[in-house]
Amino acid sequence: MTTPTEREEKAATDALAMMSFLPRRLFDSVLAHCHLLGPADGASLQRDRDEEIRPRQQEETNRADGSIPPLEPAPHRSDGNRLVPGASAAVEGRPSVKLPHYNGERPLATYLVQIRLAAELNGWSAERTGVQVALALEGEAVQVLEDLPPAEQVSWTAIEAALQRRFGQRIFISDAREQLASRRRHKDERLGKFAADLQLYARRGYPTYSQGLHEEMALEAFVRGIHPERLKEHLRLSAPSSLSAAFVEAKRVENIFRTTESRHCVRQTSMEEDEEELEVTRQTTTATQRPR
2 MTTPTEREEK
12 AATDALAMMS
22 FLPRRLFDSV
32 LAHCHLLGPA
42 DGASLQRDRD
52 EEIRPRQQEE
62 TNRADGSIPP
72 LEPAPHRSDG
82 NRLVPGASAA
92 VEGRPSVKLP
102 HYNGERPLAT
112 YLVQIRLAAE
122 LNGWSAERTG
132 VQVALALEGE
142 AVQVLEDLPP
152 AEQVSWTAIE
162 AALQRRFGQR
172 IFISDAREQL
182 ASRRRHKDER
192 LGKFAADLQL
202 YARRGYPTYS
212 QGLHEEMALE
222 AFVRGIHPER
232 LKEHLRLSAP
242 SSLSAAFVEA
252 KRVENIFRTT
262 ESRHCVRQTS
272 MEEDEEELEV
282 TRQTTTATQR
292 PR
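Just so you know, the sequence shown maps onto residues 2 to 293 in this note's numbering.
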């Protein structure tokens with residue numbers, strides 16, 4: 002059971018603790034006129050109060066003058082099997098940049114630039130870059146991983162060399178020129194896809210040529226590679242002035258061909274049905290006229 006003196010001292014301590022939230026001048030005035038605690042206790046309470054309000058005062062000062070508090074040193078972070086020191090706060094605070102997929106159908110040089118930008122912004126190591134690129138490959142491009150031994154399939158240096166061998170600039174141009182010269186329309190292939198491929202091959206195969214030359218080369222390849230043969234002959238006779246005009250005319254004539262073929266099929270089916278009906282009637286008549 003506490004004595005009256007102990008209760009008074011506890012009440013005084015609680016009161017001073019509550020007064021620690023008062024403005025500094027008012028707190029000092031109250032503390033100077035308060036004799037409930039000894040000098041040592043008062044000094045201790047003063048230090049506690051100063052330590053408590055100092056961070057708040059600094060924060061209010063920073064907000065008032067617009068200054069930014071000093072940043073803490075950037076922590077080391079783990080990347081794969083090793084630590085990467087110096088990871089900047091800017092990189093850590095940014096959202097991760099996703100590496101686009103690559104299938105080998107566009108210039109490799111452009112994709113290599115995208116890889117280096119993504120690696121720099123995300124803070125990737127060489128090993129991490131190799132893994133990210135390997136996961137982003139698709140279509141024909143993913144076959145480069147089969148060209149490498151298992152130990153090098155996540156090595157960025159090895160993957161880059163394999164991509165250069167398969168999709169390098171000289172091979173890329175040569176392949177595009179060959180495709181432009183030999184491309185033929187596949188069975189049931191849409192005219193729009195056929196024309197778009199030829200435009201792409203013209204630009205890739207002859208990157209220094211003008212747009213007008215690209216258009217002319219794609220037009221020649223379109224007429225040369227289109228099927229069926231009667232559609233090709235029609236385009237040669239109509240002599241379209243551009244690839245767009247050739248596409249529109251080919252689409253129009255092809256629709257006419259399909260309509261004509263559909264009508265022919267209906268007529269042919271009707272004639273076959275009539276012949277079957279006549280044959281049934283003939284057999285029935287012969288059976289009824291046969292002597293019993």
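Virtual Cβ for every residue (Gly too), placed ideally from N, Cα, C.
Inter-residue Cα distance where the pair is SER156 and ARG117: 15 Å
On the DSSP letters alone, give me the boundaries of the alpha helix (DSSP H) that VAL114 sits inside. Counting along the chain, the alpha helix (DSSP H) containing VAL114 begins and ends at 109 to 123.
Taking Cβ positions, are VAL132 and ILE160 nearer each other than 7 Å? Going by C-beta atoms, VAL132 is not nearer than 7 Å to ILE160.
Between the segment 180 to 199 and the segment 145 to 153, can you find at least three pairs of beta-carbon atoms closer than 8 Å? As far as the Cβ criterion goes, the segment 145 to 153 does not touch the segment 180 to 199, which means the pair count is below three.
Taking the C-alpha atoms as reference points, what is the distance between PHE258 and HIS235? 12 Å
Assuming ASN104 and ALA142 make a contact with CB atoms under 8 Å, what is their CB distance in whole Å? Taking the Cβ atoms as the reference, ASN104 lies roughly 5 Å from ALA142, within the contact range of under 8 Å.
Measure the alpha-carbon distance for PRO208 versus ILE227 and round it to whole angstroms. 24 Å
Among ARG205, ARG231, PHE195, THR261, which one has its Cα closest to the Cα of LEU244? PHE195
Check whether the Cβ atoms of GLY206 and LEU238 lie closer than 7 Å to each other. Taking a C-beta distance under 7 Å as the contact criterion, GLY206 and LEU238 do not qualify as a contact pair.
Would you check if the distance between the CB atom of ARG219 and the CB atom of ALA240 is smaller than 7 Å? Note that residue 219 is Ala in the sequence shown, not Arg. Cβ distance not < 7 Å, so ALA219 and ALA240 don't count as in contact.
Under the rule that 16 or more other beta-carbon atoms within 10 Å means buried, what is LEU138, buried or exposed? buried
In the DSSP assignment, what are the bridge partners of LEU138? TYR103
Once DSSP output is grouped into helix, strand and coil, what is the label at VAL155? coil
Rounded to a whole number of angstroms, what is the C-alpha to C-alpha distance between ALA296 and PHE168? The structure shown does not extend to residue 296, since the chain spans only 2 to 293, so no value can be given for it.
Should ALA119 be labelled buried (16 or more other beta-carbon atoms within 10 Å of its own) or exposed? buried
Under the rule that 16 or more other beta-carbon atoms within 10 Å means buried, what is ARG231, buried or exposed? With a 10 Å radius around the Cβ and a threshold of 16 neighbouring Cβ atoms, ARG231 comes out exposed.
Check ILE160 in the structure and name its three-state DSSP category. In the three-state scheme derived from DSSP, where H, G and I count as helix and E and B as strand, ILE160 is classed as helix.
Opening and closing residue of the alpha helix (DSSP H) in which LEU201 lies: 192 to 206
By alpha-carbon positions, which one of GLN170, GLU153, PRO151 ends up nearest to LEU113? GLN170
Would you mind sorting ALA110 into buried or exposed? The rule is 16 or more other CB atoms within 10 Å of its CB. exposed
For PRO229 and GLY140, what's the separation of their Cα atoms in angstroms? Distance between the alpha carbons of PRO229 and GLY140: 30 Å.
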